[in-house]
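Residue numbers (this note's numbering): 0 to 60. Quick reminder that beta carbons are idealized off the backbone N, C-alpha and C, glycines included. Report on the structure given below.
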């Protein structure tokens, strides 16, 4: 029964996975904060964090 349930979930993932992903997308503009920290990813995230800091979205300490 468990194997059948797992196979059914995997087979139906095109139906339930996209709505979950759409829910997680935030389309609001960034707001100033105390810190700008890229927690994971590659060098593009570090560059994006530096750009946000340069635009005044993080306060210097």
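Bridge pairing for residue 57: 32 [DSSP].
Residue state for residue 11 is assigned as coil, using DSSP reduced to three classes.
In this structure, residue 35 lies away from residue 46, with their beta-carbon atoms at least 9 Å apart. For the set 33, 2, 22, 40, the Cα lying nearest the Cα of residue 55 is the one of 33. Shown here, residue 3 sits in a helix according to DSSP, grouped into three states.
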